[in-house]
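See structure below.
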Amino acid sequence: MSRLQANRRHSVRFSLNGKPCAGEAEPRTLLTDFLRHHIGVTGTHVGCEHGVCGACTIDIDGQPARACLTLAVQVDGCEVRTVESLAPSPDRLGILQAAFKRNHALQCGFCTAGILMSLDGFLRENPKPDEQAIRDLLTGHLCRCTGYTPIVRAALEAAAEIAGDLSREKSDA
Amino acid sequence: MKPAPFDYVRAEHLDEALEILGQEGSDARVIAGGQSLMPMLNMRLAKPRTLIDIMRLPEFARIERKKATIMVGAGVRQASLLDWPELGRSLRLAALALPWTGHVQTRSRGTVCGSIAHADPSAELPLILCALGGEVHLRSTRRRRRVAARDFFAGMMATTRADDELIEAVSFPADQQRCAFREVARRHGDFAIVACAAVATTAGVRLSIGGVADMPVSRDLPRLDGSALEDALNAFAYELDARDDVHASARYRRDLVRMIGRDLVREVLQ
C-alpha cells in the first residue's frame, strides 16, 4: 500500500505521447493541471472541470477519457496521449487536423483538442464510420461555434482519406 | 473548481482498503473510475480526508456468472460491461441501458458499482438494478452483507451503505429477455429527465422510473391495456411527486412517464 500525503508532492511517471514523462504532483492535482502547468503541454484545454464539456478529453491506455476527472497520481504507469501527438511534425498537420482546417470544423478552437482526441481513437477502431456513429461520439463534447455539421464532415472526410491511404499502401505492396 | 487536499491511498490488497474505511469512516471515500466522485471533489461537494483507490485490486475486475445471477465487481468499468460478449444474452436490460450511461469518454473509466454508490436519481445503472431486483454486495472489516436494490437507495445521492462499508460487487438476475429501456435527456448521454425500464413478470410487468423522484421507483403492474393502463400510468406518474426544475417542468415529466411507460409496457407484454 502506498499512502500519498496531502499537501506534499509525489513522484508521478507515465508515458506521454510515446515518451517517458515524470514530475511531481499533490494527490489532489488534476491531470489537466498537471499536463498544462507542471509539464507545460498546453494543448489539452480546461472547460467545465466536471466532465460535461469534453474539452479536456485525452487518451489513457487507448481509451478516451476526461483529464479533468482524472488525478495525476492515477495515471502513474499509464500510457497517455494528448493532442500534441497528432501532428507528424511541428510544421505539418495530421490527416484529421487537416480535414478540420479544410472544413472549418473549428472557429474559436477551444473544444477542438478534445474532439480531435475522441475522433482519433474512434477512427482507429472504426475505420468506416457512418454519420450517426460520429454524431453519437460527439454527444460527449460541446462546441458552441460550429453547430457540429462541419465537424462531422471533417471526420467523414478524414476517415475516407485514412482508408484511401491504407488501400494505396496495400496496392503498392 | 479544484479538489480540497486529501491523502491518496492506492490499495494493493482489499484488507488495506477495508481497514482504512473502518478507521476513518465518512472521512474516507473510495474512488474507482471517478466519473461521479471527481465532479463532486472538483466542486468541493465532497471533501474527504482520504481517497482510497481500489482500481488496482484484481479481484474487483471480474464479471462472473454465478448460477442465475451476474456479479459485476467494483472495478468493472461501464465500457467493459458493455463490451462483455455475454451481455446481450445474459443481461439484456444492461445492454439496452448502458449506451445511455454517460458518454464513450466517461464510460471508459466510470464503473458500474461507482454509479450505484453515487445513487444519482437520474442515473441509469441504479434504475436497472432496481428494475431487475438486483443486490448490492457490501463489505467491511466487521461483516459482509447483501442488500436488495430497493433497500439500498435511500434518497437523492443517499444509500444505506454504512460509512465503513465498500461495495465489492453488484449482482443482477440473469437471462431476463423480455425487457425494454428508454429515456429522454437534453443531450444523449446526459442525465435523464425521465428514464424508464420495463421488465416482464409472471403477473404482468414491472415498470421502473428514474429522474423523477429522488431515487428509482418500481411499480408492479398486472396485464393492462386501454384506459385501465392509462389510469394506472397516470396514478404512478402523480405518485412520483415530480418537481419543476431548470431542465423540465413536473407536468412534462409526468407526460413522459405516461407516454414512455405506455410504449414500454406494450413492448414488453407483446
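Sequences listed follow chains Y and X, in order.
Every position in the first sequence, counted from 1, becomes a number in the working numbering once 1 is added.
Every position in the second sequence, counted from 1, becomes a number in the working numbering once 535 is added.
Backbone N, C-alpha and C fix where the C-beta goes; we use that ideal spot for every residue, glycine too.
Computed from a prediction, not measured in an experiment: that's the story for all the values here.
Straight-line gap, residue i to residue j (C-alpha atoms, nearest Å)
i                : j                   : result
glycine 19/Y     : glycine 668/X       : 46 Å
methionine 477/X : alanine 134/Y       : Given a span of 536 to 805 for chain X in the structure shown, any question on residue 477/X remains unanswerable.
histidine 51/Y   : alanine 563/X       : 21 Å
arginine 721/X   : tyrosine 543/X      : 35 Å
valine 671/X     : valine 565/X        : 16 Å
leucine 633/X    : alanine 156/Y       : 25 Å
threonine 646/X  : methionine 692/X    : 16 Å
alanine 785/X    : alanine 735/X       : 28 Å
glutamine 108/Y  : cysteine 146/Y      : 6 Å
proline 1/Y      : lysine 102/Y        : This structure leaves residue 1/Y out entirely; chain Y is present only between 2 and 174.
glutamine 613/X  : proline 656/X       : 18 Å
leucine 631/X    : phenylalanine 716/X : 6 Å
glutamate 741/X  : proline 620/X       : A small fix is needed here, since residue 741/X is arginine in this sequence, not glutamate. Looking at the two C-alpha atoms, the distance is approximately 27 Å.
leucine 660/X    : glycine 690/X       : 15 Å
alanine 733/X    : threonine 140/Y     : 26 Å
alanine 114/Y    : valine 53/Y         : 15 Å
glycine 745/X    : leucine 572/X       : 20 Å
methionine 118/Y : isoleucine 59/Y     : 6 Å
alanine 1/Y      : cysteine 69/Y       : Nothing in the structure corresponds to residue 1/Y, since chain Y is present only between 2 and 174.
cysteine 665/X   : alanine 770/X       : 20 Å
isoleucine 96/Y  : aspartate 760/X     : 56 Å
valine 13/Y      : glycine 569/X       : 18 Å
tyrosine 496/X   : aspartate 725/X     : With chain X running from 536 to 805 in the structure shown, residue 496/X is simply not present.
Below-8 Å beta-carbon distance, residue i vs any chain X residue
i               : result
arginine 67/Y   : yes
aspartate 131/Y : no
glutamine 98/Y  : no
proline 28/Y    : yes
aspartate 1/Y   : Residue 1/Y falls outside the range modelled here, since chain Y spans only 2 to 174, and no answer is possible.
glutamine 75/Y  : yes
alanine 174/Y   : Below a pLDDT of 50, predicted positions are generally treated as unreliable, and alanine 174/Y, at 47, falls in that range; no measurement from the model is reported.
aspartate 92/Y  : no
threonine 140/Y : yes
glycine 55/Y    : yes
aspartate 137/Y : yes
threonine 71/Y  : yes
threonine 58/Y  : yes
Test: residue i CB closer than 8 Å to a CB of chain Y
i                   : result
phenylalanine 687/X : no
lysine 537/X        : yes
arginine 644/X      : yes
methionine 794/X    : no
phenylalanine 541/X : yes
glutamine 558/X     : no
proline 583/X       : no
valine 740/X        : no
alanine 676/X       : First, the amino acid is wrong: residue 676/X is threonine here, not alanine. It does not; no Cβ of chain Y falls within 8 Å.
histidine 653/X     : no
arginine 545/X      : yes
Rounded distance between the beta-carbons of residue j and residue i, thought under 8 Å
i              : j                  : result
valine 76/Y    : phenylalanine 15/Y : 5 Å
asparagine 8/Y : glutamate 25/Y     : No, asparagine 8/Y and glutamate 25/Y are not in contact; Cβ-Cβ is about 13 Å, not under 8 Å.
proline 751/X  : leucine 662/X      : 4 Å
serine 675/X   : leucine 586/X      : Not quite, the Cβ-Cβ distance comes to about 18 Å (not below 8 Å), so this is no contact.
aspartate 62/Y : glutamate 85/Y     : Not quite, the Cβ-Cβ distance comes to about 17 Å (not below 8 Å), so this is no contact.
valine 747/X   : alanine 767/X      : Going by Cβ atoms, the distance from valine 747/X to alanine 767/X rounds to 16 Å, so no, they are not a contact pair.
alanine 73/Y   : leucine 31/Y       : 7 Å
Next item on the list: List in chain order: all unbroken beta strand (DSSP E) runs of 3+ residues lying wholly within the stretch 614 to 674 of chain X.
Entry: 670 to 674
Next item on the list: Please name the residues in the stretch 712 to 738 of chain X whose beta-carbon is closer than 9 Å to at least one beta-carbon of chain Y, in chain order.
Entry: Arg722, His723, Gly724, Asp725
Checklist line | Where the stretch 760 to 784 of chain X meets chain Y: residues whose CB sits under 7 Å from a CB there | finding: none
Next item on the list: May I ask you to list, following chain order, the residues of the stretch 6 to 20 of chain Y that have a beta carbon less than 9 Å from some beta carbon of chain X?
Entry: Gln6, Ala7, Asn8, His11
Next item on the list: Counting only runs of 3+ residues fully inside the stretch 666 to 738 of chain X, write out the beta strand (DSSP E) ranges in chain order.
Entry: 670 to 674, 679 to 683, 688 to 690, 701 to 708, 714 to 719, 729 to 735
Item checked: Cβ-based contacts, 7 Å cut-off: residues of the stretch 37 to 52 of chain Y near chain X -> Glu50, His51, Gly52
Next item on the list: Write down every uninterrupted run of the alpha helix (DSSP H) in the stretch 99 to 168 of chain Y whose length is 4 residues or greater and which is fully enclosed by it, in chain order.
Entry: 113 to 126, 132 to 139
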